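Note sheet for the following structure.
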């Protein structure tokens, strides 16, 4: 391999680094999250306590809905009994 061949290889290598690899690394750097980005994301994330609190609120709402449904069913049965009673007819 001559000095000219070695020089061509070095030139091609430098060109590849300059034209391909450096722009890709620059794009990757621009897309990476900063410490501030990560801090902001962590502040916005719900904690386990938040999730447990929401779950307990949902459970409470479900129990209230079930209780209301039971009362409605009970009232419906009472209304049906009244309609079927001889005094109503």
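In the numbering used here, the protein residues as written are 153 to 241.
Idealized CB from N, CA, C, for every residue including glycine.
Since this is a predicted model, take the numbers as computed values, not measurements.
Residue i (DSSP reduced to helix, strand or coil)
i: residue 186; result: coil
i: residue 108; result: There is simply no residue 108 to check, as the chain begins at 153 and stops at 241 in what is shown.
i: residue 198; result: coil
i: residue 219; result: helix
i: residue 153; result: coil
i: residue 208; result: helix
i: residue 175; result: helix
i: residue 192; result: helix
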